Every structure is written in structure tokens, then in C-alpha cells.
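Numbering-wise, this note's numbering comes out as the position in the sequence shown, counting from 1, plus 1012. Reading through the C-alpha cells given below for one structure.
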Amino acid sequence: MADSNNTERMARTASAGVADHVRAALPSSNGKAVAEEGLAVETIDLVRAYKVGNNDVLALRGLSIQVKAGRWVGVKGRSGSGKTTLLNCIGGLDHPTSGVVRCFGREITRLSDGQLTKWRREQVGFVFQSFALLPTLSAFENVELPLRIAGAKDRARRARYCLDLVGLTRWAKHRPYEMSGGQNQRVAIARALANRPKLILADEPTGELDTTTSRDILALFRRIVETEGITILMTSHDPIVLEYVDEVLELSDGQLINRWENQFE
Ligand SMILES: Nc1ncnc2c1ncn2[C@@H]1O[C@H](COP(=O)(O)OP(=O)(O)OP(=O)(O)O)[C@@H](O)[C@H]1O
Ligand SMILES: [Mg+2]
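Written as C-alpha cells, this is what we have:
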């Protein structure tokens, strides 16, 4: 099992060879809305075992990670390495078999189902590979939906702000089938932002997009980290994603086997 000391030993810092297109996506202002001090997410000895027939499948095998607040962290690893399981345990969509998940200092593995739902609704935005938009609702209505569920005041203004942030002001009335994959993912990102979450969990968000569109979406995520001060944890198979993130965690068989940082300045 990779303990945190091993993890530190394995950590390496990537050289400063950041491609120009990634640098171009960075804002010129260096004023982050959230200081990089403090932890957004911490998992300690996280285990998730699934029963399959008579066998236990260990999706996470004592996984300990830390994600600093205000950072964008990518999670890589081959299929079946536990990436989605990790995100689901952090987001409260799945319950770990044992171990601790702490988000912004709060031990979410101790929360009741009701408290977990509330926490998730208020603090976490999810983005999925398949967008997961409601097909009968317009872009605006999809973004407004979580605000409606939360009973938020002033939700039309907030939904418009989020659509504007992702560059879709003029597409507000369109339904998902009238928009491209990249536009649909922008709507999904706007929806994830609607409730002003502190954390975005994105599972393979560029998995269904071509390279150019993926880069547009990744530049958008970079802007969101920088201007909104949100922490992002993102799984991906796509090597392009790893160019944009602040830090990469690599999983294998439910364990952390490597960690490194990109240096943009
Ligand atoms: N609900 C489930 N029931 C049984 N086994 C599961 C379940 N969910 C995940 N697993 C198993 O747990 C392991 C980790 O799965 P997970 O989906 O987290 O991997 P992943 O890294 O996200 O893979 P991919 O890159 O293909 O999305 C796999 O062996 C998978 O078969
Ligand atoms: Mg997955």
C-alpha cells in the first residue's frame, strides 16, 4: 500500500516546459479568489470493496490523497484503477467500505444520508463524460434546475451569470439536441457552477469531445479555477488534460503510485 511518505518520495515535479496554448489559457491577473493554503479534500486509507458473486473487488485499497484548496488536480490511471470510485466516494455518491473523506475540514464519511445530500447540493458540482443534461429542458433551464431544487433566490440572474461564464448567453433557449457536444458540456459546467460550489468533481469531462473542443473546455476549466477560486478534481484518460492541471495523481489498482505538479510560471 502506498502510504503518504511513499507518495512524497514518488512525487516528482515536471519541468517548466508548459506548452504555449496552456499558458495562453491562464489569465493575466494573478488574484485568486481562494488562497492556496488549506486542504479542499483529504482521503485517509480509503477502501471500497464491491461484492461480485462470491468475490470482493477492491476498487480502492487504502488510498490516501490530499488536494489543496483552489487547485485543479487530475487523476489518471488505466481503466479499472479506481478513478470514478474515488470521485464518487468524495462526492458522496458512493460510500467507502472504510477510511475517511474530509472536505474543507469536514469529515463527510460521518454524515447521515440527509446531511450528505445537503452537503453535496451546496458544496459540490458534478460534471460527467456524457453531460447528463435533461433533454426536454433548455440550456437556461438545465442550469437553473439545481438552483430551483435548492430553493435559491435570484436564480434567473445566477443561471444567466453561469451561462455567460461558459460563453453560452446566446444559446440559453436551446435544448441539448440543438447544440454540439462541446456546447452541451459547457451547459453542464454552468449547471455545476450554479450553486456556487467549492469543489467540482469531473469524471472524464472531455471523453466524448474532439481534441480542439477538449482544449476549449480545458481552457474554460482553467479560467474557472483562477477566477472563481473553485477546486477541481478531474479524472481522465486523455493526456491533453494532464497538460492543463496543476497537479496529477496517478492511480493503479486502487492505490496512488505517482504524483507530480505542473509548473506554469
Ligand atoms: N458497482 C460496482 N460493482 C462492482 N464492481 C465495481 C463497481 N464499480 C466499480 N467496480 C470495480 O471497481 C474497479 C474500479 O472501477 P472504477 O470505475 O472506479 O475505475 P475507473 O478507473 O474509473 O475506470 P475507467 O477508466 O474505465 O472509467 C473496477 O475493477 C470495477 O470493475
Ligand atoms: Mg471511470
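Note that CB positions come from ideal geometry on N, CA and C, so glycine has one too. The model shown is predicted, which means the values in this text are computed figures rather than measured ones.
- Look at Lys1095: its beta carbon is less than 7 Å from one of the heavy atoms in ligand 2.
- Taking Ala1061 as the centre and dropping the five residues before and after it, the same chain places the C-beta of Asp1068, Val1069, Leu1070, Ala1071 and Thr1109 closer than 8 Å to its C-beta, in chain order.
- Taking the Cα positions, Glu1262 is about 23 Å away from Leu1232.
- Taking the Cβ of Asp1265 as the reference point, every heavy atom of ligand 2 lies at 7 Å or farther away.
- The beta carbons of Leu1205 and Gly1137 sit about 6 Å from each other, so the pair counts as a contact at 8 Å.
- Secondary structure at Ser1226: helix, using DSSP grouped into helix, strand and coil.
- In this structure the stretch 1209–1224 lies against the stretch 1249–1258, because at least three pairs of beta carbons, one per stretch, are closer than 8 Å.
- For Tyr1062, the uninterrupted beta strand (DSSP E) segment begins and ends at Leu1051 to Val1064.
- Taken in chain order, the whole beta strand (DSSP E) runs of length 3 or more contained in the stretch 1078–1114 are 1084–1088.
- Considering only Val1087, Val1064, Gly1050 and Val1053, the residue with the shortest C-alpha distance to Gly1266 is Val1087.
- The Cβ atoms of Arg1118 and Ala1162 do not sit closer than 8 Å to each other.
- Between Ala1081 and Ala1052, the alpha-carbon positions lie close to 4 Å from each other.
- Contact between His1107 and Ala1151 does not hold, since their C-beta atoms are separated by about 33 Å, which reaches or exceeds 8 Å.
- For Gly1092, the distance from the CB to the nearest heavy atom of ligand 1 is below 7 Å.
- Where Val1155 is concerned, the enclosing alpha helix (DSSP H) starts and stops at Ala1151 to Ile1161.
- Only residues of its own chain outside the window of five on either side were considered, and among them Leu1221, Thr1225, Asp1228 and Ile1229 have a CB closer than 7 Å to the CB of Gly1194, listed in chain order.
- Boundaries of the beta strand (DSSP E) around Gly1137: Val1136 to Phe1140.
- Exclusion of Glu1190 from the 7 Å shell around ligand 2 follows from its C-beta lying no nearer than that to any non-hydrogen atom of the ligand.
- Among the bridge pairs identified by DSSP, Asp1068 is matched with Lys1063.
- When distances are taken from the beta-carbon of Gly1193 to the heavy atoms of ligand 1, even the shortest one reaches 7 Å or more.
- Between Lys1130 and Thr1247, the gap from beta carbon to beta carbon reaches 8 Å or more.
- By the neighbour-count definition (other C-beta atoms within 10 Å, threshold 16), Ser1093 is a buried residue.
- Distances from the CA of Val1199 to each of Asn1207, Pro1209, Ile1242 and Pro1188 were compared; the closest alpha carbon is that of Pro1188.
- In the structure shown, the three-state DSSP call for Asn1196 is helix.
- Thr1247 has its Cβ nearer than 7 Å to a heavy atom of ligand 1.
- Rounded to whole angstroms, the Cβ separation of Ile1201 and Trp1084 is 13 Å, and the two are not in contact under 8 Å.
- Comparing alpha-carbon positions, the option among Val1112, Thr1055 and Ser1091 lying closest to Ser1076 turns out to be Thr1055.
- Residue nearest to Asp1057 within the set Tyr1256, Leu1175 and Gln1078 is Gln1078 (criterion: CA-CA distance).
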